[in-house]
Every structure is written in C-alpha cells, then in structure tokens.
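In what follows, a structure is listed as structure tokens, so that the remarks can point back to it.
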Amino acid sequence: MPDCELIRYQAKLIKHELSDVDSLLSRVLQSEPDSIEMRAMAAVFQSVYNGVEIILIALLNSRGAETSSWHRRILRDSRDQEVITESEFDMLDQLMRFRHKFRHSYGFTLNWQMMKPLVPFLPLVEKIIDRILQSHCP
C-alpha cells in the first residue's frame, strides 16, 4: 500500500503552489515575462516537479521497486510500471530537464523561449496528481 498520507500532502502542496502563482501564469502567457518573473516561473517548475517526483518515489516504493537517486530512472520506472502514461512521461521529462538546467545555472541565463512551452504543463500536472490520487489513494 502506498504512503497515501505523503502522497496527499505532496498533492496539496503542488496545488497550493499552482494556486499561489495563478496570476503569474496568466500574465506570462499574455506577454513575455521580465527577469524576475522568469526566475519565479523557474522556481515554480522546480517546486512542482520536486513534488511530483516525491509522489512517484512513494508509489514505486510501495510496489517494492528500488528507487534510485537517478531522476530520469524514477520517471522511466514510473512509466514502465504504468504509474504514468507515455505522454505524461514526456511532459514530466521536459520539466525534469528544465529543473536540472535551472538548478545548475544562474537566473540571468534563463531563456523564455525555452521556458514558455512548459507553462501549459502545469495545469496538466494537477490532472496527473488527481488521477494518481484517485487510482492509488482513493
């Protein structure tokens, strides 16, 4: 049985994060963000992906899977064990790759053209989380 308390808690945090930045999401979809807004969006991508990864690890652990510290492996194992779909894997993989770049660079190097395609993923992450909750922690 998965650690549903942990999964629900992480889902709550992800939803809180998305709710807090709702106006920022709307603004950046209408016009190119300034440097501070880009840094804020990068932090949101990182926070949301971190929460998703914690949920995936909890689900994999409940299945007896060895969860390595390799982030891509966690995504692959989640896809292979049908915790996430192929399209969800592709989307989360893009968020994970961005998170890696963000964590290992300076804020002034952020590029909106690289970030903009990730913005529509955020509402989809909430749907993934809802599906996982419904399937694994009803």
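Here the sequence shown is numbered in the numbering used here, starting from 286 and rising by one per residue. By construction, the Cβ of each residue, glycine as well, lies at the ideal position given by its N, Cα and C atoms.
Residue interval of the alpha helix (DSSP H) (run including residue i)
i, result
"D415", "F406 to H421"
"Q379", "E371 to R388"
"M400", "W397 to M400"
"V313", "D307 to Q315"
"G392", "Where G392 is concerned, there is no enclosing alpha helix (DSSP H), given that its DSSP letter is neither H nor E."
"Q366", "First-last for Q366: undefined, no H or E at that position."
"M326", "S320 to S347"
Cut-off 7 Å between Cβ atoms - residues of its own chain near residue i, not counting five sequence neighbours on either side
i, result
"D362", "L345 and A350"
"E317", "W397"
"M376", "F406 and L409"
Beta-carbon contacts of residue i that lie in its chain and below 6 Å, excluding the five residues immediately before and after
i, result
"I413", "E373"
"I369", "S363"
"I417", "none"
"Q295", "G336, I339 and I340"
"H356", "M381"
"V329", "V306"
8 Å CB neighbourhood of residue i in its chain, flanking five on each side removed
i, result
"E411", "I299, K300 and L303"
"I292", "I340, A343, L344, I417, L418, H421 and C422"
"V404", "L310, V313, L314 and M326"
Check whether the region 294-309 touches the region 380-398, counting contact only when three or more Cβ pairs, one atom from each stretch, lie closer than 8 Å. no
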